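K.L.:
Take a look at the following structure, please.
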Amino acid sequence: EYILSESFKNPLGDDVPMKYLSTPRFIREFLQERGEAYTYEMYSELRRRCEEALVKPPTYASFYKYVWILKEFGLIRKTRVEKSTRGGYDRVYYELVEDKLDSPIWQRPQRYINPLSAVGYKRYRRIIQVAAETGKDKYDVLYELYPEFVESIAKDLGISAKELIEGLKRTE
260 EYILSESFKN PLGDDVPMKY LSTPRFIREF LQERGEAYTY EMYSELRRRC EEALVKPPTY
320 ASFYKYVWIL KEFGLIRKTR VEKSTRGGYD RVYYELVEDK LDSPIWQRPQ RYINPLSAVG
380 YKRYRRIIQV AAETGKDKYD VLYELYPEFV ESIAKDLGIS AKELIEGLKR TE
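Numbering (the numbering used here), first residue to last: 260 to 431.
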């Protein structure tokens, strides 16, 4: 029987398959252990651990997207840049933002980028249907049908529900 290292226990619990390991939470745990790291360093370690656990790792593009999202939400910050000596990409190092370690954004950051991605298929289809029938914007319909959901996301971000909806409309 293969035993995972203590630092790679599934944060979702032992009864949840390893394929559900959260990339953002891996980044948080890795940076807690190391203090700072660059994107490819973190990705290489996640890939190695996934391969050891016989789990398909995320692509580098997907991993990089999470680093970008976490940086945009202020959960991690750039500490320094190491210039490439071989003409490749510079190494950008990141560290955790201490007062954001308990932010709910770590659980599902994509929920905060696009709340429609987190409502589920049936609710999403209903939002799109109502928007088409009424001619309303899908984000307005989202707020009308699921105000508690929108308000909880806005609260986590420290903005009003109205500001969230307006911001989502601007990003379209």
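We put the beta carbon where it would ideally sit given N, CA and C, even for glycine.
Nothing here was measured: the structure is a model prediction, and the numbers come from that model.
Excluding the 5 residues preceding and the 5 following GLN369 in the sequence, name in chain order all residues of the same chain whose CB lies nearer than 8 angstroms to its CB.
P.N.:
For GLN369, where only same-chain residues beyond five positions count, the Cβ hits under 8 angstroms are ILE328, SER376 and ALA377.
K.L.:
Spell out a yes or no on whether the stretch 295 to 311 and the stretch 385 to 394 are touching, meaning 3 or more CB-CB pairs, one atom from each, closer than 8 angstroms.
P.N.:
In short, these stretches do not touch, since the Cβ pair count stays below three.
K.L.:
Three-state secondary structure (DSSP) at ALA312?
P.N.:
ALA312 falls in the coil class under three-state DSSP.
K.L.:
Assuming the contact rule is C-beta atoms closer than 8 angstroms, TYR405 and ARG382 should be a hit. Round their C-beta distance to whole Å, please.
P.N.:
At roughly 7 angstroms, the Cβ-Cβ gap stays under 8 angstroms, so TYR405 and ARG382 are in contact.
K.L.:
By the DSSP assignment, the alpha helix (DSSP H) with ILE364 in it spans what residues?
P.N.:
Element bounds for ILE364: n/a, residue is neither H nor E.
K.L.:
Within the continuous beta strand (DSSP E) that includes TYR353, where are the two ends?
P.N.:
Where TYR353 is concerned, the enclosing beta strand (DSSP E) stretches over 350 to 355.
K.L.:
Just to confirm, are LEU401 and ILE335 a CB contact at a threshold of 8 angstroms?
P.N.:
No, the pair does not count as a contact, with Cβ atoms beyond the cut-off.
K.L.:
Hey, PHE332 and TYR302 are a contact pair by Cβ (cut 8 angstroms); roughly how many whole angstroms apart?
P.N.:
Contact flag wrong, Cβ pair sits at about 19 angstroms.
K.L.:
Of all the options LYS359, GLY379, ALA296 and ARG306, which has the alpha carbon lying nearest to the alpha carbon of GLU341?
P.N.:
It is ALA296.
K.L.:
Distance, Cα to Cα, ILE386 vs TYR380?
P.N.:
In a straight line, the C-alpha of ILE386 is about 10 angstroms away from that of TYR380.
K.L.:
Starting from ARG345, trace the alpha helix (DSSP H) both ways and give me its first and last residue.
P.N.:
Unbroken run through ARG345: none, as it is neither H nor E.
K.L.:
Enumerate in chain order the residues of its own chain whose CB-to-CB distance from SER411 is below 7 angstroms, with the five nearest sequence positions on each side excluded.
P.N.:
So the list is empty, once near-sequence residues are dropped.
K.L.:
When we look at the beta-carbon of ALA320 and count the other beta-carbons within 10 Å, is it buried (16 or more) or exposed?
P.N.:
Classification of ALA320: exposed, given that the 10 Å Cβ count is below 16.
K.L.:
Excluding the 5 residues preceding and the 5 following LEU427 in the sequence, name in chain order all residues of the same chain whose CB lies nearer than 8 angstroms to its CB.
P.N.:
Contacts found: ASN373, PRO374 and TYR398.
K.L.:
Any chance you could list the alpha helix (DSSP H) runs of at least 4 consecutive residues sitting entirely within the stretch 373 to 426, in chain order?
P.N.:
List check, alpha helix (DSSP H) in window: 380 to 393, 397 to 404 and 406 to 416.
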